[in-house]
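**Q** Structure in structure tokens, see below.
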Amino acid sequence: MRPAPASFRTPSRFRPSRLLTGGRVVTPEGVLSPGWIRVAGNRIDAVGSGAATQPLPPGLPVTELHGHWVLPGFVDMHVHGGGGASFTVGPADDVRRAAAFHRGHGSTTLVASLVTAPLADLEARAAMLAALADQGVVAGIHLEGPFLSAVRCGAQDPRHMLAPDVAAFERLCAAAAGHLRVITIAPELPGAVGLIKAAARAGVTAAVGHTDATADVTSAAVDAGVTHATHLFNGMRPLHHREPGPAGALLDRDEVTCEVIADGVHLHDTVIRLTARAAGPGRLVLITDAMAAAGMPDGSYRLGSMRVDVTGGVARLAGGDEPGTTGASAGRGGAIAGSTATMADVVRHAVAAGLPVTAVAAAASTTPARVLGLGDRTGALRAGLNADLVVCDEEFRLRAVMRQGEWLAGNPAEISSARAPNR
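The numbering of the sequence shown is this note's numbering, which starts it at 33 and goes up by one.
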């Protein structure tokens, strides 16, 4: 996406259109309790602490948010679908439906993630998503495959995995028409280093994921240009005290941002807390890895070419075994196939797991926006950025969503008129 025009970054050019006041406003500098946000058109005009004391224009709508949290709109940089629709298969209207579902659950910015498929199919899919990115439906494309390890394929189809190939990457880049944001690569595969360097030259974030690499091989990939980890720990050789594997190597490098799926299924809460401490401020990224079943009842769904069964809200490959699994490890149940969570679910779980609210807001919004090159538009409650925000109650249940100055979900009038809970 092109940078926003300079005039859009000048708050004074907008007539104030609404005021949000009285809530706990989570900013990059800390929590304003209470705080206020003045929205002008589709942008944040000003943010402040205490009461909004300056003279207000007559008729300015005021939403009282006492007793509520106000966080930046979530930026989900790894999501495959939701609301019964997918980014990986189906017509363009399915992409719109999945995007609208996640926007209604707080993801005011999201990247459409594809899974391993035949190269020609990925080209066609990338071209369709690029057209939708031009329309603002999604903020870009993430290729999670096909350059992955069959040993750690998880819910990806190993039949269509390829050795890293720069020519194939360039075909996918051309199809994405400037909207390819992230590509996940297994760095131990032949040709991986050349592909990582090609991605860096193209301005595409190279991520390590679905890999059986050692720590040394992973560290060499970081030296070559890797700056991101795809769902850390999941789809990776496990961390061991004598061979820390990719997870250990990625956490050890300050230039690498690390995704975690904090849905209560993919990772133990202790691992979430340890990762947040090891990564420190500015490196943790919360994602959903959601597939079509997010927000839907248990049943049968698809993730790319793979059949998925959802039971008790947990998505697993149908048939019981991971693709390519043989011998003693066969028959132990299907691989987890993405999640059924929304970013609102992930944020609430991360707070419940013990992460500070400011760290959660950074990991759900500010850091992924920076990774995607969108930090000058969204990802924080700061004057000049898009008026993208979510309103949560004291238990971090989502109550309202604003995207570019327009309420998408929830009823701000009800919030404004509701009595604040006793403290």
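All C-beta atoms in this analysis are idealised placements derived from N, C-alpha and C, irrespective of residue type, glycine included.
Note that the structure is predicted; figures quoted are calculated from it, not measured.
Kindly indicate which three-state DSSP category C205 falls into: helix, strand or coil?
**A** Position 173 of the sequence shown, counted from the start, is the residue given in the question as residue 205. Helix.
**Q** Taking the alpha carbon of R431 as the point to measure from, which residue in A117, L92, S251, G105 has its own alpha carbon closest?
**A** Taking the sequence shown and counting its residues from 1, the one referred to as residue 431 is at position 399. For the residues A117, L92, S251, G105, the minimum Cα distance to R431 belongs to G105.
**Q** Based on DSSP bridge pairs, tell me the residues matched to L194.
**A** For the purposes of this step, residue 194 is taken as the residue at position 162 of the sequence shown. In DSSP, L194 forms no bridge with anything.
**Q** Using only the alpha-carbon positions, how far apart do D420 and P222 sit?
**A** As a position in the sequence shown, residue 420 is number 388, starting the count at 1. As a position in the sequence shown, residue 222 is number 190, starting the count at 1. If you take the alpha carbons of D420 and P222, they lie about 42 angstroms apart.
**Q** Secondary structure at S397, three-state DSSP: helix, strand or coil?
**A** As a position in the sequence shown, residue 397 is number 365, starting the count at 1. It is helical.
**Q** So G241 packs on T262, CB below 8 angstroms; how close in whole Å?
**A** Reading the sequence shown from its first residue, position 209 is the one you call residue 241. Reading the sequence shown from its first residue, position 230 is the one you call residue 262. The pair is a contact, with the Cβ atoms about 3 angstroms apart (cut-off 8 angstroms).
**Q** Suppose only complete runs of 4+ residues qualify. What are the alpha helix (DSSP H) ranges in the segment 252-325, listed by chain order?
**A** 277-283, 301-311
**Q** What ranges does the beta strand (DSSP E) occupy inside the segment 213-243, keeping only unbroken runs of at least 3 residues that lie completely in it?
**A** 237-240
**Q** Would you kindly check if the distance between the Cβ of L387 and the Cβ of A369 is under 8 angstroms?
**A** Along the sequence shown, one-based indexing puts residue 369 at 337. Along the sequence shown, one-based indexing puts residue 387 at 355. Going by C-beta atoms, A369 is not nearer than 8 angstroms to L387.
**Q** Just to confirm, is the Cβ distance from R129 to G115 under 8 angstroms?
**A** The residue you call residue 129 lines up with position 97 of the sequence shown. The residue you call residue 115 lines up with position 83 of the sequence shown. In this structure, R129 lies near G115, with their beta-carbon atoms less than 8 angstroms apart.
**Q** Inspect the beta-carbon positions of M109 and V147 and report whether they are closer than 8 angstroms.
**A** Residue mapping note: residue 109 aligns to position 77 of the sequence shown, counting from 1. Residue mapping note: residue 147 aligns to position 115 of the sequence shown, counting from 1. Taking 8 angstroms as the Cβ cut-off, M109 and V147 do not qualify as a contacting pair.
**Q** With DSSP collapsed to three states, give me the class of E438.
**A** Position 406 of the sequence shown, counted from the start, is the residue given in the question as residue 438. Three-state result, E438: strand.
**Q** Let me check one thing: in DSSP terms, what residues is T53 bridge-paired to?
**A** Numbered from 1 along the sequence shown, position 21 holds the residue referred to as residue 53. Looking at the DSSP output, T53 sits in a beta bridge with W68, E96.
**Q** So, helix, strand or coil for G62, using DSSP?
**A** For the purposes of this step, residue 62 is taken as the residue at position 30 of the sequence shown. Strand.
**Q** Determine the direct distance from the alpha carbon of G411 to that of V379, and round the result to whole angstroms.
**A** Numbered from 1 along the sequence shown, position 347 holds the residue referred to as residue 379. Numbered from 1 along the sequence shown, position 379 holds the residue referred to as residue 411. The straight-line gap from Cα to Cα measures roughly 14 angstroms.
**Q** Is the beta carbon of H174 less than 8 angstroms from the beta carbon of D425?
**A** Counted from its first residue, the sequence shown places residue 174 at position 142. Counted from its first residue, the sequence shown places residue 425 at position 393. No; because the gap between Cβ atoms is not below 8 angstroms, this pair is not in contact.
**Q** Nearest to T141 by CA position, among S448, V422, E427, E446, is which residue?
**A** Locating residue 141 in the sequence shown gives position 109, counting from the first residue. Per the Cα distances, V422.
**Q** Kindly give me the distance between the Cβ atoms of H50 and V71, rounded to whole angstroms, as I take these residues to be in contact under 8 angstroms.
**A** Counting from 1 along the sequence shown, the entry for residue 50 is found at position 18. Counting from 1 along the sequence shown, the entry for residue 71 is found at position 39. First, the residue type needs correcting, since residue 50 is Arg and not His in the sequence shown. Sure, about 5 angstroms apart at Cβ, within 8 angstroms.
**Q** For T59, which residues from the same chain have a beta carbon less than 8 angstroms from its beta carbon, with the 5 sequence-adjacent residues on both sides left out?
**A** Locating residue 59 in the sequence shown gives position 27, counting from the first residue. Excluding the 5 residues flanking it on each side, T59 has same chain C-beta neighbours closer than 8 angstroms at G67, V79, A412, L413, R414, in chain order.
**Q** Which residues does DSSP pair with S145 in a beta bridge?
**A** Mapped onto the sequence shown, residue 145 falls at position 113. For S145, which the question treats as bridged, DSSP gives the partners H174.
**Q** Only counting the same chain, and skipping five residues up and downstream in sequence, which positions put a Cβ closer than 6 angstroms to that of S181?
**A** Walking along the sequence shown from the start, residue 181 turns up at place 149. Closer than 6 angstroms at Cβ, skipping near neighbours: A218, H242, T243, D244.
**Q** How many Å lie between L97 and L151 at the Cα?
**A** On the sequence shown, position 65 is the one that residue 97 refers to. On the sequence shown, position 119 is the one that residue 151 refers to. Taking the straight line joining both Cα atoms gives about 49 angstroms.
**Q** List the endpoints of the continuous alpha helix (DSSP H) containing A347.
**A** Mapped onto the sequence shown, residue 347 falls at position 315. It is not in any alpha helix (DSSP H) - A347 instead sits in the beta strand (DSSP E) that spans 346-349.
**Q** Could you compute how far the alpha carbon of N418 sits from the alpha carbon of T398?
**A** Position 386 of the sequence shown, counted from the first residue, corresponds to residue 418. Position 366 of the sequence shown, counted from the first residue, corresponds to residue 398. Rounded to the nearest angstrom, the two C-alpha atoms are 12 angstroms apart.
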